[in-house]
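Residue numbers (our numbering), protein chains in the order written: chain C, 1 to 355; chain D, 356 to 710; chain W, 711 to 1065; chain B, 1066 to 1420.
Just so you know, even glycine gets a beta-carbon here, dropped at the ideal spot from N, CA and C.
Remember, it's a predicted structure, so these values are computed and weren't measured experimentally.
4 protein chains.
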Amino acid sequence: MAKTMKAFVMKRIGEVGIMEKPIPGDPGPNDAIVKATTALVCTSDVHTVKGAIGERTDHTLGHEACGIVDRVGNAVSLFKPGDRVVIGAITPCYKCENCQRGFTSQCGQPLGGWKFANIKDGSFAEYFHVNDADANLTTIPDNVSDEAACYATDMMTTGFKGAENSDIILGGTAAVFGLGPVGQMAAVGARLLGAGLVIAVDSIPRRLQLAKEYGADVTIDLSKGDPIQKIMELTNGQGVDSAIEAVGNQSAFEACINATRPGGTISNAGYHGEGDYISIPRLAWGVGMAEKTIKTLLCPGGSERMNRMMRLIQTGRVDPTKMTTHHFKFDQIEKAFWMMDTKEDNMLKPVIHIA
Amino acid sequence: MAKTMKAFVMKRIGEVGIMEKPIPGDPGPNDAIVKATTALVCTSDVHTVKGAIGERTDHTLGHEACGIVDRVGNAVSLFKPGDRVVIGAITPCYKCENCQRGFTSQCGQPLGGWKFANIKDGSFAEYFHVNDADANLTTIPDNVSDEAACYATDMMTTGFKGAENSDIILGGTAAVFGLGPVGQMAAVGARLLGAGLVIAVDSIPRRLQLAKEYGADVTIDLSKGDPIQKIMELTNGQGVDSAIEAVGNQSAFEACINATRPGGTISNAGYHGEGDYISIPRLAWGVGMAEKTIKTLLCPGGSERMNRMMRLIQTGRVDPTKMTTHHFKFDQIEKAFWMMDTKEDNMLKPVIHIA
Amino acid sequence: MAKTMKAFVMKRIGEVGIMEKPIPGDPGPNDAIVKATTALVCTSDVHTVKGAIGERTDHTLGHEACGIVDRVGNAVSLFKPGDRVVIGAITPCYKCENCQRGFTSQCGQPLGGWKFANIKDGSFAEYFHVNDADANLTTIPDNVSDEAACYATDMMTTGFKGAENSDIILGGTAAVFGLGPVGQMAAVGARLLGAGLVIAVDSIPRRLQLAKEYGADVTIDLSKGDPIQKIMELTNGQGVDSAIEAVGNQSAFEACINATRPGGTISNAGYHGEGDYISIPRLAWGVGMAEKTIKTLLCPGGSERMNRMMRLIQTGRVDPTKMTTHHFKFDQIEKAFWMMDTKEDNMLKPVIHIA
Amino acid sequence: MAKTMKAFVMKRIGEVGIMEKPIPGDPGPNDAIVKATTALVCTSDVHTVKGAIGERTDHTLGHEACGIVDRVGNAVSLFKPGDRVVIGAITPCYKCENCQRGFTSQCGQPLGGWKFANIKDGSFAEYFHVNDADANLTTIPDNVSDEAACYATDMMTTGFKGAENSDIILGGTAAVFGLGPVGQMAAVGARLLGAGLVIAVDSIPRRLQLAKEYGADVTIDLSKGDPIQKIMELTNGQGVDSAIEAVGNQSAFEACINATRPGGTISNAGYHGEGDYISIPRLAWGVGMAEKTIKTLLCPGGSERMNRMMRLIQTGRVDPTKMTTHHFKFDQIEKAFWMMDTKEDNMLKPVIHIA
């Protein structure tokens, strides 16, 4: 076995590149080393490089990947070398107090389940380390492609959790603000969970079109006027039962509060990267008395959930690969990365073929 | 206006027929009189005539109907004569203690929301009375047919509640036992609520076929062997997360307990008409410690829910009229009624055209 | 019967007084007229007079009262003249879409369950009108005093809902910010619902002392330093599971977010009367990913809930009359009202004896 | 260190005794060895010896214990030798599918979290092994005695879960059937969770008296007549909102269904050791339509929950040591064990002092 491997790293804030790194050694008793095959680039990789979580040096990026188990620790019982596996972007320990309370994405500390490319090297490498392998590795079924499986790790699980958190009622109304990959999956999730009317809001025609294909009943083009007025018309003046924020800015967050009826739920799926405060419009919030609930989430991981994501692909409930706009070999990943920043050529999601 | 009308009644246990009855008079301040247009016959009408709820004399049958508002009481504010409306089979008062607790089908007393053809005349008549009209009348949207609307009153709302009660998790597994109209809608409901694998169980080929059309992933023909074994194979030996009983007998109930994994939910949607006890198999129940939950329901009514049922028809989530196997004029209703007992000619659901 | 009665009114913004008004006439079919016996002044009465809900002319104030049924409409079946009753501050119709969805305080429109002294005359009068009497009148048990019963109408039901909304887990930790009457009852509610550690925060010694008597485990005097630091020390650096905002301002709201652990719940019970926005501190909110949930409420009413409030008084779970600091006859109510504004003489809650 | 230790074992069905066994060796990377100090005998130990879970040979009994950490595996990070710890009777892995779904007591398989004295040696020994130590060891606070801590492992967590599962509403009504240690804690749990009326049912005067001391509002002596009739009188003819079965037989289970109002919840906490079926009375169950929910449980374990149990003892919410009726040295444990079978001398719970 070669002693080094290629990894795509953040060299420092603003700078990325492929470098040689040592192949990870002994995984530890509960952990595993996976040989990467396929990965997806996430906009949050771009945020990281721009400094969102602080300075890093030669830090391997990436958290959406699948591969083949290379080695496992001696306390790992469910997986063995050669298994074809996918790994959630979030890899909780499943033992700490927050995990035991059910908040596995908050493993150990706020957002602590997020380990890849945050508190350890990520998965844009020929080999990567997975903690607590029995809980975080998931077998990919034969009839699910690597590409589809990679979508489960973050885009599907995050978007779907956005929908789950929004307290959709059977036959109720839901609006999704922002139709990037997470928003697309939030719209699909709202359909899957029984919304009777799914409204998708964005300003990019291609994204609005894709949301339609994914089952949104109505799309609203933000560039053509006030979406709240349109939502009110669609909901008999009441507002939606459920609003999902899939952008991560004040404008979308505020629109969610404005669009929601009394007793409704605002589900925040966006990462809010700027400012000291995110603000709630007081009157639309019913001066604190309109029984509007605001929830947040961080991409849920774990094999139990990933297995359910696999099943939803297998039984045809969703085809996430419709979101793929580009394919790259691993040695072209830097190009894919920078295109993800500019979204040029209408990039929605690029697939990286590592092996 | 004619002083009398035709009504299809239970004359006594075992005997039915059309008779002349006075048209209902003053509805009372909160109530309404509706001129019937379309109705469906329910197997529970047959049960009633066979004595399930005791003796009745010249008691108008029927609880699945729609029509045109004829008159309203002076405290009714949301409806007026001429409105085209549908009415849930269950018509709660919305004021009593049980209603305020959210158990509106248990209005006033156990099963007390069930008023039509139980504690007052039913809706198989040219005119019928609706209590608490503002809460129980629902406007039928222009693009929803009378026939489709009638399905919302019981088959859809009951079957869907069967699915809602079964605690479906996104991408989880669900099994429906019994594919009469309620079971068909339970299978649709399980799909609508996000199950990743819907298993439908019955012994009648036509019903199995319809369940497939309605979105069941797998059907199991009871006549061809043990369904539990098949379910275990389909669920990696674990059992389903959610099981829905849509028959109302010991065998189906017991199968639901057997088919469910630890921590799963059994949702009973069937009416259990016989015996002193319904029995839980002790070992499959984990000697009372396997965290399997058993829930029951009675057809949820009310305009808020009916509005959501209308929306699900409007946005194409379900076409309940696929269940219609026969059409009859009102003067042929007795024939429809007795066919509903024997299920001859593969009857699933007959539509009665009253006006 | 006299044709006129005394009523304590808001004459215009900033001005109050007792005036003669006609005794309410025919209550309508579903409603009742109650002869007032005892009432409480609420700080929100003061807000109303200062213009919080806009201009009013000769508008009767008051929403916390009990009395004797004087007359009922012809569709009222559960109450009769002479019954000793208490009425929740919020009086929903129980029929509209929001009520059917379970959001009875949002009856018909945002905050629409709040009818007394808002969209109709309040209860500071010798007689007052109660809509939907069967759902909104509650019999006062013999062993519950008028004074105690009045506390159920708003202070108990609001404070307790503040605790219920905060998702208290058995043996978990809860903090209440603001120890006015609602905050005191929120602290009691947190105890009643199983919190293992109740932390009460205010700056007024008498209120801190009362919270201790009501069962708070720890009190924090805001005037003596940063409460968040103290809360972190008390919770092993994690923050509380549940935080209750019982003030209604940015500072207390923000403290709730800061004090709560990942996965925790912020329950807003305060009325936010000022500003365009209430703001969420971005980092303490985990940049929208720490799974902190923010809920709001408006005083839940209805006889079913009021009956439970009565039971809690009967079985000694709470003695709300410990909050009474002053007693007044009805003709002294203006004095009580202005003292409620200044909180002079350490006023917490004044009882008005009307008859 | 001695190479052998004393252990109290089931030699075969019907026979017990103290024997010498090797001290457990290497704990494995995630596990620990604890030196026992204090333990409690449980009636389920007696069931085991009578054959409830099949034949066993020289199998160490016991699952309610605390002690001092002796050794830890190399992947254990939160505990070290010398720590004073308590361990839940159920010790989940926290990684398997059922654990990830939140059903940790069903770890790996139905009831699979129950490892002590079931699938491995129990804790009635000078040293015992604890799997997944970081998740299953809990530090005992300085002001909590060993004796009190032992009660948390099963009696408190099981009884409290019985109350949690019963869907207690604030100010609602609850009945507990069976006042052994689990039933006593269920009654305490019902109080802690906000029930406004707690009814405790048994036939042994001493147990009824203790339930009163623990906060039951009313006790019903089964030997003096039909408890259901009394419960109906206490609940205005409606039945209780919540019923807890803490016996584990048909009679108590059936009483729970009969005692519960429509929409209420039956929480089964008892172990049902006999018969092929446990039966639901059909009519009291509303022929499957009264919306009565039946839940079950198996003693929840884990350090997160044990920490909350510790807090409830620390803050005085419960003093479980009131249940202690007898004390024994370890070499007298066989006597304690057989008294637990006969309950002679009014034994409720014996404490075993091991070291």
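Cβ-Cβ separation, residue j to residue i (assumed contact under 8 Å), whole Å
i         : j         : result
W/Tyr837  : W/Lys745  : 6 Å
C/Ser251  : C/Lys295  : Actually they are not in contact, since the Cβ atoms of C/Ser251 and C/Lys295 sit about 19 Å apart, beyond 8 Å.
B/Leu1362 : B/Asn1230 : 6 Å
B/His1128 : B/Asp1186 : Not really, about 10 Å apart at Cβ, beyond 8 Å.
W/Thr748  : W/Ala775  : 7 Å
W/Val928  : W/Ile909  : 5 Å
C/Ala190  : C/Ala163  : 5 Å
B/Thr1325 : B/Lys1357 : 5 Å
C/Gly67   : C/Pro29   : Their Cβ separation, rounded to whole angstroms, is 21 Å, which puts C/Gly67 and C/Pro29 out of contact at 8 Å.
W/Leu1022 : B/Gly1261 : 5 Å
W/Ile733  : W/Met715  : 5 Å
First and last residue of the uninterrupted alpha helix (DSSP H) at residue i
i         : result
B/Val1253 : 1246 to 1257
B/Thr1300 : That residue, B/Thr1300, is in no alpha helix (DSSP H); it is neither H nor E in DSSP.
W/Thr867  : 867 to 875
B/Phe1201 : The sequence shown places Asn at residue 1201 of chain B, not Phe. Counting along the chain, the alpha helix (DSSP H) containing B/Asn1201 begins and ends at 1198 to 1201.
C/Ala148  : 146 to 151
Span of the beta strand (DSSP E) around residue i
i         : result
W/Thr714  : 714 to 722
W/Asp1055 : First-last for W/Asp1055: undefined, no H or E at that position.
C/Asp241  : 240 to 245
W/Ala885  : 883 to 887
W/Phe826  : Unbroken run through W/Phe826: none, as it is neither H nor E.
D/Phe608  : From DSSP, D/Phe608 is part of no beta strand (DSSP E) but of the alpha helix (DSSP H) over 605 to 614.
D/Phe483  : 482 to 485
#### Entry: Ordered list of beta strand (DSSP E) runs contained in the region 558 to 586 of chain D, each at least 3 residues
573 to 576
### Query
What runs of the alpha helix (DSSP H), each 4 residues or longer, lie entirely inside the region 46 to 111 of chain C?
97 to 100
#### Entry: Whole runs of the beta strand (DSSP E) within the region 977 to 1035 of chain W, excluding any shorter than 3 residues
987 to 991, 1003 to 1006
### Query
Does the region 793 to 804 of chain W come within contact of the region 844 to 860 of chain W, defined as at least 3 CB pairs closer than 8 Å?
yes
### Message
For the region 460 to 476 of chain D, list every residue whose C-beta sits within 8 Å of some C-beta in chain W, in sequence order.
### Response
none
### Message
By the 8 Å beta-carbon criterion, what residues does the region 897 to 910 of chain W contribute toward chain B?
### Response
Gly899, Leu902, Leu903, Gly904, Gly906, Leu907
#### Entry: Secondary structure, beta strand (DSSP E): runs of 3+ residues fully inside the region 1077 to 1106 of chain B
1080 to 1087, 1097 to 1105
### Interface positions of the region 298 to 314 of chain C facing chain D (Cβ-Cβ less than 7 Å), listed along the chain
Arg308, Met309, Arg311, Leu312
### Message
Please identify, using Cβ separations under 7 Å, the residues of the region 672 to 687 of chain D that lie next to chain C, in order along the chain.
### Response
Arg672
### Query
the region 524 to 536 of chain D: which residues have C-beta closer than 9 Å to a C-beta of chain C, in chain order?
Ile524, Leu525, Gly526, Gly527, Thr528
### Query
Any residues in the region 1281 to 1299 of chain B with a beta carbon nearer than 8 Å to a beta carbon of chain W? Which ones, in chain order?
Asp1282
### Task
Answer yes if the region 1118 to 1133 of chain B comes into contact with the region 1335 to 1345 of chain B, meaning at least three C-beta pairs across the two stretches below 8 Å, and no otherwise.
no
#### Entry: Contact set between the region 833 to 852 of chain W and chain D, restricted to residues whose Cβ is under 8 Å from the partner
Asp842, Asp844, Ala845
#### Entry: Under 7 Å (Cβ pairs) to chain C, residues found in the region 506 to 523 of chain D
Phe515, Glu519
### Query
If you pair each beta-carbon of the region 453 to 470 of chain D with each one of the region 675 to 682 of chain D, do three or more pairs fall below 8 Å?
no
#### Entry: Given 8 Å, three or more beta-carbon pairs between the region 852 to 861 of chain W and the region 922 to 940 of chain W
no
### Task
For the region 763 to 793 of chain W, enumerate the residues whose C-beta is nearer than 9 Å to any C-beta of chain D, in chain order.
Gly783, Asn784, Ala785, Leu788
### Message
Across the region 561 to 571 of chain D and the region 522 to 542 of chain D, are there enough close Cβ pairs to call them in contact, namely three or more that are closer than 8 Å?
### Response
yes
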